[in-house]
Every structure is written in structure tokens, then in C-alpha cells.
Amino acid sequence: MLFNSLHFIAFFIIITTLYFVIPHPKRWLLLLLGSCYFYMAFIPIYICILGFTIIIDYFAGIWLEKIEGRKRKIFLIASLCANIGVLAVFKYYNFLNLNLSLFLNSLGYVNTIPNLSILLPIGLSFHTFQAMSYTIEVYRKNQKAEKHFGIYALYVMFYPQLVAGPIERPQNLLHQFREVHYFDYDRVANGLKQMLWGFFKKIVIADRLSIYVNAVYNNQALHSAQTLVCATVFFAFQIYCDFSGYSDIALGSARVMGFKLMTNFKRPYFSQSIHEFWSRWHISLSSWFRDYLYIPLGGSRVSKFKWYRNLLIVFLISGLWHGANWTYIIWGALHGLFLITGLVFKKYTQFLANIFKTGYRVVSTIFTFILVCFSWIFFRANSLSDAYSITHSIVIFKKGSFFLGSPSGFVYSILMIILLISIEFKIEFLQNLNFSILNNQNRIIRYTGYSALIILILMIGVFNGSQFIYFQF
Numbered sequence: 017m018l019f020n021s022l023h024f025i026a027f028f029i030i031i032t033t034l035y036f037v038i039p040h041p042k043r044w045l046l047l048l049l050g051s052c053y054f055y056m057a058f059i060p061i062y063i064c065i066l067g068f069t070i071i072i073d074y075f076a077g078i079w080l081e082k083i084e085g086r087k088r089k090i091f092l093i094a095s096l097c098a099n100i101g102v103l104a105v106f107k108y109y110n111f112l113n114l115n116l117s118l119f120l121n122s123l124g125y126v127n128t129i130p131n132l133s134i135l136l137p138i139g140l141s142f143h144t145f146q147a148m149s150y151t152i153e154v155y156r157k158n159q160k161a162e163k164h165f166g167i168y169a170l171y172v173m174f175y176p177q178l179v180a181g182p183i184e185r186p187q188n189l190l191h192q193f194r195e196v197h198y199f200d201y202d203r204v205a206n207g208l209k210q211m212l213w214g215f216f217k218k219i220v221i222a223d224r225l226s227i228y229v230n231a232v233y234n235n236q237a238l239h240s241a242q243t244l245v246c247a248t249v250f251f252a253f254q255i256y257c258d259f260s261g262y263s264d265i266a267l268g269s270a271r272v273m274g275f276k277l278m279t280n281f282k283r284p285y286f287s288q289s290i291h292e293f294w295s296r297w298h299i300s301l302s303s304w305f306r307d308y309l310y311i312p313l314g315g316s317r318v319s320k321f322k323w324y325r326n327l328l329i330v331f332l333i334s335g336l337w338h339g340a341n342w343t344y345i346i347w348g349a350l351h352g353l354f355l356i357t358g359l360v361f362k363k364y365t366q367f368l369a370n371i372f373k374t375g376y377r378v379v380s381t382i383f384t385f386i387l388v389c390f391s392w393i394f395f396r397a398n399s400l401s402d403a404y405s406i407t408h409s410i411v412i413f414k415k416g417s418f419f420l421g422s423p424s425g426f427v428y429s430i431l432m433i434i435l436l437i438s439i440e441f442k443i444e445f446l447q448n449l450n451f452s453i454l455n456n457q458n459r460i461i462r463y464t465g466y467s468a469l470i471i472l473i474l475m476i477g478v479f480n481g482s483q484f485i486y487f488q489f
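Just so we're aligned: the sequence shown equals residues 17 to 489 in the working numbering.
In C-alpha cells, the structure reads:
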């Protein structure tokens with residue numbers, strides 16, 4: 017079920033209304049059944065995959081709490097292998113088999129292993145990582161095993177963040193399912209406002225940008241360097257508004273019912289370094305890799321060579337997490353190399369920052385944005401050859417028409433897009449929490465602002481049922 021659909025609006029109203037009407041002891045069941053329906057609206061049979069991993073991890077958690085000694089590690093490994101195995105089959109099997117075929121062909125052999133004709137379950141990487149965080153935390157004795165099977169299943173399947181995060185930790189979410197959440201007007205209103213802001217970013221900005229970006233990237237050989245640069249910058253805003261828009265809807269819908277999910281974005285394009293960017297972008301994933309991969313590898317408490325190696329490993333795996341394609345792996349590798357380069361030259365950049373201060377902050381923010389946009393080329397390109405072609409066209413400043421279609425239509429589209437991006441960035445630059453500016457105004461100004469957003473969504477929103485970008489991961 018897509019957030020940007022009438023189906024979801026009806027679902028949200030019904031589930032939320034029932035949530036506050038029925039007694040607290042039955043609410044977990046309502047949310048679990050609602051979450052199952054939400055997930056089965058995509059491909060019903062794939063609920064069985066979720067059920068399989070939920071059963072494995074539920075019993076693994078109980079056994080991990082009871083058993084001491086080396087057997088605990090065996091149960092942890094078994095649980096992790098079950099989750100990673102599902103990912104390997106559904107997400108990486110065909111990718112690995114294709115590369116095996118290419119390797120064998122180069123040696124003069126033929127790979128007889130067939131590919132699998134299966135679709136990737138939506139949001140598989142998200143709920144898999146959330147399930148893995150539970151068993152790891154129980155193993156580390158930071159979290160008690162959840163004895164209530166329904167509550168644990170709800171932890172994995174909670175519909176607001178089931179298919180695209182944020183990737184929650186058991187310490188933050190599990191206990192909230194047992195807390196009594198009363199109807200609170202201010203909290204409900206703030207949650208609905210956050211959802212409205214998310215709908216605006218997705219339907220009005222991201223989906224409108226996607227029209228231009230898709231037209232250019234799907235026909236990249238026909239376009240000039242200027243057009244490709246423009247499309248790449250637009251994609252940077254598209255993916256941000258798409259993903260952060262989803263997060264706002266997820267956080268807002270959970271907030272209405274009284275649940276507090278972790279913040280996933282903190283104005284990442286205002287970052288002054290790649291390191292800062294990753295502390296602001298997809299925070300739940302970057303912190304997951306930090307806690308469960310980077311630190312166990314030794315983190316920064318090792319030699320410099322091993323430190324840089326650890327960072328590169330994390331970003332390579334992060335790229336692979338996003339998709340079974342070399343474009344994503346190179347995207348991750350680029351961010352790893354950017355981060356390592358920043359560390360190598362840190363004392364020099366810090367020296368410049370102390371001298372030039374404001375000027376350095378402006379330049380470093382722009383430079384960081386350029387690096388991020390360059391890496392987005394590999395993230396968005398349909399293939400590695402397309403990514404190379406786009407990069408080559410930009411570097412050699414390939415000539416050609418700058419506009420797409422008629423000049424007047426292009427100018428109108430560009431001006432509208434720039435205006436919408438300016439509105440979005442103006443609001444996020446001036447506030448830390450969405451709508452805090454309006455909350456400080458009188459009722460007339462507040463409701464005028466909310467009404468204006470709704471009118472913009474209805475008038476210039478793109479209602480084509482566009483899927484959220486991160487659903488594919």
C-alpha cells in the first residue's frame with residue numbers, strides 16, 4: 017500500500033479511529049492485523065517470508081536470553097544467517113549468478129545455474145535489518161527477549177515504518193506497544209501536520225522532479241552536459257524529498273497514535289563534510305552500520321590503515337544494501353573514499369576553517385553538495401555504462417540543447433521546480449521541527465499556511481501512484 021494513495025488515507029483513518037476506540041489490551045492485535053493488511057496490499061504471498069523470519073528471530077531471542085556460553089553465539093549466527101539468507105536469495109542471487117556467468121565466460125566456461133524468476137519483496141532490507149538489531153541487542157544483553165509473540169511480530173511489522181524505515185531498535189520501540197496512548201489533540205494535530213508536510217514533499221516536489229529526471233536519465237545519450245547536470249541536481253532534491261517525505265508520513269502517522277519513531281533526516285544538504293552528511297542522511301541506517309558493523313570491526317580504535325579499511329568496508333556493504341547492482345556498490349565506494357580523503361586532510365581543512373570561518377562554511381557546504389551530487393549519478397543511472405557515459409558527457413562538457421521539449425515549457429517547469437525547492441528549503445532552514453514557524457503564529461495565519469499546502473498538493477501534485485524510491489530496497 018502506497019502512502020500517496022487514497023487507499024492509504026482510508027486505511028489510516030480507519031486504523032487510527034479504531035486504535036483510540038478499542039481497549040488498550042487489544043490495540044496490539046489491531047495494529048498487527050492492520051500492518052499485515054498494509055503489507056499484503058503489495059504481494060500477499062510475501063507475508064510468508066516475513067512470518068518465517070519473525071518465527072526464527074522470536075525463538076532465537078528467547079534462547080539467547082536463557083543460554084550461556086558458546087551456544088549463545090551459535091543461536092545468534094543461526095538467526096543472522098536466516099535473515100541474511102532471505103536477503104541473499106531474493107535480492108542478491110541473480111546478481112551473484114550473473115557475475116559468476118561473466119567470470120566463467122571469460123575463462124571459456126558456461127554457467128548452467130539458472131536465474132530465479134522472483135520479485136524482490138518490498139522493503140525487505142529494512143525489516144530484515146530491524147529484526148537483526150533485535151537479536152543482536154538480546155545477545156549483547158542490552159534488551160530482554162520479548163516473550164509475547166504478537167508484540168514481537170508487531171515490532172517487525174509496524175506499518176508506518178515497515179517498508180522504508182526508519183530502522184528502529186528494540187530499546188526504542190518494543191516498550192511503546194505496551195504503553196497506554198490516550199488521545200491528545202496537540203499530539204494528533206502535530207502528527208497530521210508532519211504527514212501533510214511529507215505528502216507535500218513527495219507528491220508536489222519529488223514526483224514532479226521525477227518527470228524531468230526520468231526523461232533525461234532514461235535517454236542520457238541524447239542530452240547535453242548542462243541538461244545532465246541539471247537532472248543530477250534535481251535528482252538530489254527528488255530523492256531527498258521522496259525519502260524524507262516518506263519518513264515524515266511515517267513519523268507523523270505513528271505520532272498521531274502516540275508512538276515516537278527516530279528522526280531519519282536532519283537537513284543533510286546543509287552538511288559541511290561527507291562525515292556530517294552521513295550523520296544527517298538516513299540516520300537509522302548509518303547508525304545501524306556504525307553499531308553493528310563498523311564498531312565490531314574495530315572502528316577508529318585501530319591503526320590508520322585498518323581504520324580506513326573499516327570505513328571502506330562499511331560503505332561498500334552500504335552500497336550493496338541499497339541494491340544488487342555495481343552502480344550502488346560504486347556509489348558506496350565513492351562515499352567511503354570521500355570520507356577517508358576528508359580524514360586524511362582534516363588538519364588542513366580545520367586550519368582553513370579557523371581562518372576563513374563563514375567563507376569556509378559556505379564553500380565546504382557547496383563542495384560537499386557537489387560530491388554528493390556526483391555520487392548520485394551512479395545511484396540513479398540505469399547501468400554502469402550509463403553512469404560512465406553521463407560522467408564523461410559532463411566532464412567533456414558535451415554540447416547540445418539545454419532544454420527538454422519546447423523552450424517555453426522547459427522554462428515554466430524549471431521555474432516551478434526551483435520555486436518549490438526554495439519553499440521546501442526555506443522552511444527546513446528556518447526550523448528544526450516542521451511547522452514550528454506556523455505554530456508561533458495566530459490561528460488565521462496557521463490555518464492559511466496549512467490550507468495553502470493542501471491547495472498546492474491538489475493543484476500541482478503529481479497523482480500517478482509513483483512508488484517511493486526506497487521501497488525497492
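Virtual Cβ for every residue (Gly too), placed ideally from N, Cα, C.
Every value quoted in this text rests on a predicted model; they were computed, and no experiment measured them.
Item: Glu292 by DSSP, collapsed to three states: which one?; Value: helix
Item: In three-state terms, what does DSSP make of Ile217?; Value: It is Lys, not Ile, that sits at residue 217 in the sequence shown. Here Lys217 sits in helix by DSSP.
Item: Does the distance from the C-beta atom of Leu350 to that of Ser391 stay below 8 angstroms?; Value: yes
Item: In three-state terms, what does DSSP make of Ala340?; Value: coil
Item: Alpha carbon to alpha carbon, how far is Tyr171 from Lys89?; Value: 23 angstroms
Item: Is Phe145 closer than 8 angstroms to Trp304 when the C-beta atoms are compared?; Value: yes
Item: What residue does the alpha helix (DSSP H) around Met56 start on, and which one ends it?; Value: Arg43 to Met56
Item: Can you list, in chain order, the residues of its chain whose CB lies under 8 angstroms from that of Leu449, leaving out five sequence neighbours each side?; Value: With a pLDDT of only 48 at Leu449, under the threshold of 50, the placement of this residue in the model should not be trusted; the figure read from the coordinates follows. Correct list: empty, nothing qualifies.
Item: CB Met278 to CB Pro182, shorter than 8 angstroms?; Value: yes
Item: Label Val245 either buried or exposed according to how many other C-beta atoms from any shown protein chain fall within 10 Å of its C-beta, with 16 as the threshold for buried.; Value: buried
Item: Could you name the residues of the same chain whose beta carbon sits closer than 8 angstroms to that of Leu469, not counting the 5 residues immediately before and after it, in chain order?; Value: Leu212, Trp213 and Phe216
Item: How about Met173 and Leu46: are their beta carbons less than 8 angstroms apart?; Value: no
Item: With a floor of 4 residues, list each alpha helix (DSSP H) that falls wholly inside the stretch 356-400, ordered by position along the chain.; Value: 362-372 and 374-396
Item: Let me know the alpha helix (DSSP H) ranges lying completely inside the stretch 165-234, each 4 residues or longer, listed in chain order.; Value: 165-173, 186-189, 201-215 and 223-233
Item: If I follow the unbroken alpha helix (DSSP H) through Phe119, where does it start and stop?; Value: Tyr109 to Ser122
Item: In three-state terms, what does DSSP make of Phe451?; Value: Here Phe451 scores only 48 on pLDDT, less than 50, and its place in the model should not be relied on; the value that follows carries that caveat. Residue state, collapsed to three classes: coil.
Item: If you draw a straight line from the C-alpha of Ser438 to the C-alpha of Thr151, how long is it?; Value: 43 angstroms
Item: State the DSSP-derived secondary structure class of Leu435, mapped to helix, strand or coil.; Value: helix
Item: Can you find at least 3 beta carbon pairs, one from the stretch 183-190 and one from the stretch 123-133, that sit closer than 8 angstroms?; Value: no
Item: In angstroms, rounded to a whole number, what distance separates the CA positions of Ser380 and Leu123?; Value: 47 angstroms
Item: Is Arg377 buried or exposed, if buried means 16 or more other CB atoms sit within 10 Å of its CB?; Value: exposed
Item: Taking only three categories from DSSP, how would you classify Val330?; Value: helix
Item: Looking at C-beta atoms only, is the number of pairs between the stretch 218-226 and the stretch 292-304 that lie closer than 8 angstroms three or more?; Value: no
Item: Looking only at its own chain, which residues have a Cβ that is under 6 angstroms from the Cβ of Tyr486, when we skip the five neighbours before and after it?; Value: Ala180 and Phe259
Item: Would you say Trp347 and Phe394 are within 8 angstroms of each other, going by their C-beta atoms?; Value: yes
Item: Should Tyr201 be labelled buried (16 or more other beta-carbon atoms within 10 Å of its own) or exposed?; Value: exposed
Item: From what residue to what residue does the alpha helix (DSSP H) around Thr464 run?; Value: Arg459 to Ile476
Item: Measure the Cβ-Cβ separation of Gly166 and Gln210 and say whether it is below 8 angstroms.; Value: no
Item: Use the C-beta contact count for Val318: other C-beta atoms within 10 angstroms, 16 or more gives buried, fewer gives exposed.; Value: exposed
Item: CB-CB under 6 angstroms to Gly477, same chain, minus the five flanking residues each way: which ones, in chain order?; Value: Ile219 and Val220
Item: Report buried or exposed for Gln177, applying the criterion of at least 16 other Cβ atoms within 10 angstroms of its Cβ.; Value: buried
Item: Rounded to whole angstroms, how far is the Cβ of Arg271 from the Cβ of Asn341, which I believe are closer than 8 angstroms?; Value: That pair is no contact at about 35 angstroms.
Item: Alpha helix (DSSP H) containing Phe253: first to last residue?; Value: Ala241 to Met273
Item: Does DSSP classify Ile311 as helix, strand or coil?; Value: coil
Item: When the Cα of Glu81 is compared with those of Phe321, His291 and Tyr155, which residue comes out closest?; Value: Tyr155
Item: In three-state terms, what does DSSP make of Thr151?; Value: helix
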